[in-house]
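Right, one structure below, let's go through it.
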Amino acid sequence: SQSEQARILQEDLTCPVCLEVYRNPHLLSCGHNFCKTCLDNVKRQGERGRFRCPECRERHRCNAPVLKNLKLASISDNYRQRHRGGAVCSGNSKPMQIRGTSAVPCDYCPSVAETASNTSAMKTCLKCEVSMCPEHVKPHLELPAFRGHPLTEPFNDFWKRKCPDHEEMYQYYCLDDKVCVCNACTVEGGHTGHTIKTMRNTMKDLKGSLEKQLYRVERKYSMAEKKHQEQKEKETQNKKYMEDCEGILNGLCEEMKTAVLSFTSTLRECTRTHCDTNGLAIQKNISKISQDQTRLLEARCGIEALMQETDPFRFIEAYRTTGKQRCRRLLRRNMFYPEYVDMETEALGVVMEMEMRKFLDEGLQSSITNAISAMCKDPLSQPPLQSCHASDAAADEGEDDDDDDELNVSSLEE
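In structure tokens, the structure reads:
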């Protein structure tokens, strides 16, 4: 969709430091772009004339020449002008004020206790550590003094997002210790020399891992659906066989009248016992397969709900606390493979013939033999799907059961 394409374009044009559309972007030798102002700030934080790229952590000399990315600058400027043009068109109208108890309130507006018209925040400034409504965010968007202030989607849990050791906002994720870290932690804290990635890229990698898990769930659910359908077909065949037998026996009963009434009752009981035995096995298989389906649906819903999270910190926190264990627990349980249901009627025919000999009389043998032949011809048994199930089981067991949540260091280094 156009909205999805616009979102992807904005992500590609967003500076990973200030989280705003590039302003005067410059390209490092490692291939990553940053605003000129953001790059100067990173250089000032360097040590011994060197600094690390905020994206891949590669070292660069502070005095090394950095060229402006002219093509990216042109695209960013055009995007910003179109964005501002849309804002000007709606500038005469009063900014839309979103109200709701679940929204983040504006820190500059009066509190709910003072007035009932409290306005929800539109943006949060990471530098000022305040959330602002559309009216109060204007200075950050218009005044040059606030140009270097990074704005994000509104939130009010600053205490969770700040490093307790350095009082800085979390910006990165340590792959070695699997914790969120600030910029100071990567330079002088306990994470110096560790493999570091930005939280946004970490979220992308973890979502990629969840997509693989979702694929496995979908594939296993398709297997369960196929097996469920097979058992349903057998159940239908079993019911149809019983119905056919009922029709044949009713015709025989009409033909033989009273003379063979007890005999037909005995035959009916034989067929019912045969079908009930198969029916119990089929119902057991269906019940077990339905349990697999329910479990896989639960895993799929859990993953899809987690994939909807867009905030990196909340996503990682939810993934580590519930998502990982829940997905692994549900996926590691072995799937049920149905027991073979024997639909053969040879044994049933033997029993019926024994009953026939007890009630034979003049003129009855031919009619009874024909009825039994009609009931026992073309047995409904199907060859067992052992090879199919065995291949499915081998494929399932052959899956690499590695921890998808554990990010491989070599694959994540940029």
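For the sequence shown, my numbering gives the first residue as -19, with consecutive numbering after it. All residues carry an ideal CB built from backbone N, CA and C; glycine is no exception. Treat the numbers as computed from the prediction; the structure is a model and nothing was measured.
Let me check understanding here. Comparing Cα to Cα, which of LYS16, LEU260 and LYS206 lies closest to GLY128? Position 148 of the sequence shown, counted from the start, is the residue given in the question as residue 128. Measuring from the Cα of GLY128, the nearest candidate turns out to be LYS16.
Output yes or no for whether 9 Å exceeds the beta carbon distance between ASP156 and HIS171. On the sequence shown, residue 156 is found 176 positions in, with the first residue counted as 1. On the sequence shown, residue 171 is found 191 positions in, with the first residue counted as 1. It is a contact, given that the beta carbons lie within the stated cut-off.
Kindly list the residues whose CB is nearer than 7 Å to the CB of MET149, restricted to its own chain and excluding five residues on each side of it in sequence; keep chain order. Counted from its first residue, the sequence shown places residue 149 at position 169. Hits under 7 Å: LEU106, ARG141, LYS142 and CYS162.
For ARG(-13), count neighbouring Cβ atoms within 10 angstroms of its own Cβ and tell me buried if that reaches 16, exposed if not. Position 7 of the sequence shown, counted from the start, is the residue given in the question as residue -13. Exposed: under 16 other Cβ atoms inside 10 Å.
Strictly under 9 Å for the Cβ-Cβ distance: is PRO119 near chain B by that measure? This model lacks chain B altogether, as it is built from one protein chain only.
Excluding sequence positions up to five away, which residues of its chain have a Cβ less than 6 Å from the Cβ of GLU235? Here the question's residue 235 lines up with position 255 in the sequence shown. Contacts found: SER347.
Can you say whether VAL330 is buried or exposed, counting buried as having 16 or more other CB atoms within 10 angstroms of its CB? For the purposes of this step, residue 330 is taken as the residue at position 350 of the sequence shown. VAL330 comes out exposed.
Please state if the CB of THR349 and the CB of HIS254 are separated by a distance shorter than 9 Å. On the sequence shown, residue 254 is found 274 positions in, with the first residue counted as 1. On the sequence shown, residue 349 is found 369 positions in, with the first residue counted as 1. Cβ distance not < 9 Å, so HIS254 and THR349 don't count as in contact.
Supposed contact pair LEU190 and MET287 - C-beta distance, whole angstroms, cut 8 Å: Within the sequence shown, residue 287 is the residue found at index 307, counting from 1. Within the sequence shown, residue 190 is the residue found at index 210, counting from 1. So it is a contact: roughly 6 Å between Cβ atoms.
What residues match up with CYS154 in a beta bridge as DSSP calls it? Position 174 of the sequence shown, counted from the first residue, corresponds to residue 154. Bridge partners of CYS154: VAL159 and ILE176.
Going by beta carbon distance, what residues of the same chain come within less than 7 Å of CYS33, once the five residues before and after it are set aside? For the purposes of this step, residue 33 is identified with residue 53 of the sequence shown, where counting begins at 1. Taken in chain order, the residues that qualify are LEU8, CYS10, HIS12 and HIS40.
Taking all protein chains shown into account, decide if PHE138 is buried (16 or more other Cβ within 10 angstroms of its Cβ) or exposed. Sequence index remark: in the sequence shown, residue 138 carries index 158 (1-based). Label assigned to PHE138: exposed.
Best match in GLN61, MET203, ASN136 and ILE296 for proximity to LYS187 [C-alpha to C-alpha]: In the sequence shown, residue 187 corresponds to position 207, counting from 1. Cα-wise, what sits closest to LYS187 is ILE296.
Identify the continuous beta strand (DSSP E) that holds THR104 and give its terminal residues. The residue given as residue 104 occupies position 124 in the sequence shown. Going by DSSP, THR104 is part of the beta strand (DSSP E) stretching over 103 to 105.
Under the DSSP definition of a beta bridge, which residues are partnered with LEU7? Residue 7 sits at position 27 when you count from the first residue of the sequence shown. Its beta-bridge partners are ASN13 and LEU47.
Does the region 298 to 314 touch the region 202 to 217, meaning 3 or more C-beta pairs lie closer than 8 Å? At 8 Å Cβ cutoff, the stretches do not touch.
Flag this pair as yes or no: are the beta carbons of LEU229 and ARG248 separated by less than 9 Å? Start at 1 with the first residue of the sequence shown, and residue 229 comes out as number 249. Start at 1 with the first residue of the sequence shown, and residue 248 comes out as number 268. Yes, the pair counts as a contact, with Cβ atoms nearer than the cut-off.
Looking only at its chain, what residues have a beta carbon closer than 7 Å to the beta carbon of VAL159, apart from the 5 residues adjacent to it on each side? Locating residue 159 in the sequence shown gives position 179, where the first residue counts as 1. Excluding residues within five positions, none has a Cβ falling inside 7 Å.
So, is LEU47 buried or exposed, given that buried needs 16 or more other C-beta atoms within 10 angstroms? Position 67 of the sequence shown, counted from the start, is the residue given in the question as residue 47. LEU47 is exposed by the Cβ-count criterion.
I need the DSSP call for HIS254, collapsed to helix, strand or coil. For the purposes of this step, residue 254 is identified with residue 274 of the sequence shown, where counting begins at 1. Three-state result, HIS254: helix.
Give me whichever residues DSSP pairs with GLU27 in a beta bridge. Position 47 of the sequence shown, counted from the first residue, corresponds to residue 27. According to DSSP, GLU27 bridges with ARG30.
Please name the residue, chosen from GLN305, MET334, ARG252 and PRO292, that lies closest to TYR152 on a Cα-to-Cα basis. For the purposes of this step, residue 152 is taken as the residue at position 172 of the sequence shown. Nearest C-alpha to TYR152: PRO292.
Cα separation between ASN397 and LEU19? It is not possible to answer for residue 397, since the shown part of the chain is limited to -19 through 394.
Cβ-based burial, ALA279 [other Cβ within 10 Å; buried from 16]: Within the sequence shown, residue 279 is the residue found at index 299, counting from 1. By the neighbour-count rule (16 or more Cβ atoms within 10 Å), ALA279 is buried.
Taking CYS258 as the reference, which of THR244, GLU215, CYS233 and LEU276 has the closest Cα? The residue labelled residue 258 in the question sits at position 278 within the sequence shown. First, the residue type needs correcting, since residue 258 is Asn and not Cys in the sequence shown. Out of THR244, GLU215, CYS233 and LEU276, GLU215 has the C-alpha closest to the C-alpha of ASN258.
Distance between THR104 and VAL110 (C-alpha atoms, nearest Å): Counted from its first residue, the sequence shown places residue 110 at position 130. Counted from its first residue, the sequence shown places residue 104 at position 124. So the alpha carbons of these two residues sit roughly 6 Å apart.
From VAL117 to LEU123, what distance separates their C-alpha atoms? Along the sequence shown, one-based indexing puts residue 117 at 137. Along the sequence shown, one-based indexing puts residue 123 at 143. Our two residues, VAL117 and LEU123, have alpha carbons roughly 10 Å apart in a direct line.
Restricting to Cα atoms, I'd like to know which of ARG62, ARG30, ALA44 and SER245 is closest to MET332. For this step, residue 332 is matched to residue 352 along the sequence shown. Of the candidates ARG62, ARG30, ALA44 and SER245, the one whose C-alpha sits nearest the C-alpha of MET332 is SER245.
Label LEU(-11) either buried or exposed according to how many other C-beta atoms from any shown protein chain fall within 10 Å of its C-beta, with 16 as the threshold for buried. Working through the sequence shown from its first residue, we reach residue -11 at position 9. Label assigned to LEU(-11): exposed.
DSSP three-state assignment for VAL84, whether helix, strand or coil: Position 104 of the sequence shown, counting from 1, holds the residue named residue 84. VAL84 falls in the coil class under three-state DSSP.
In whole angstroms, give me the CA-to-CA distance for HIS120 and ARG275. Within the sequence shown, residue 120 is the residue found at index 140, counting from 1. Within the sequence shown, residue 275 is the residue found at index 295, counting from 1. About 49 Å.
In whole angstroms, give me the CA-to-CA distance for ARG306 and ILE283. Taking the first residue of the sequence shown as 1, we reach residue 306 at position 326. Taking the first residue of the sequence shown as 1, we reach residue 283 at position 303. Whole-angstrom Cα-Cα distance: 9 Å.
From LEU260 to ILE352, what does the alpha carbon distance come to, in whole angstroms? Residue 260 sits at position 280 when you count from the first residue of the sequence shown. Residue 352 sits at position 372 when you count from the first residue of the sequence shown. For LEU260 and ILE352, the distance between alpha carbons rounds to 24 Å.
So, helix, strand or coil for HIS40, using DSSP? Within the sequence shown, the letter at position 60 stands for residue 40. Reduced to three states, the DSSP call for HIS40 is strand.
Name the one or two DSSP bridge partners that SER100 has. Against the sequence shown, residue 100 aligns to sequence position 120. In the DSSP output, where bridge partners are listed per residue, SER100 has PRO85.
Quick one: Cα of ILE176 to Cα of LYS304, how far? Looking up residue 176 in the sequence shown gives position 196. Looking up residue 304 in the sequence shown gives position 324. So the two alpha carbons sit approximately 21 Å from each other.
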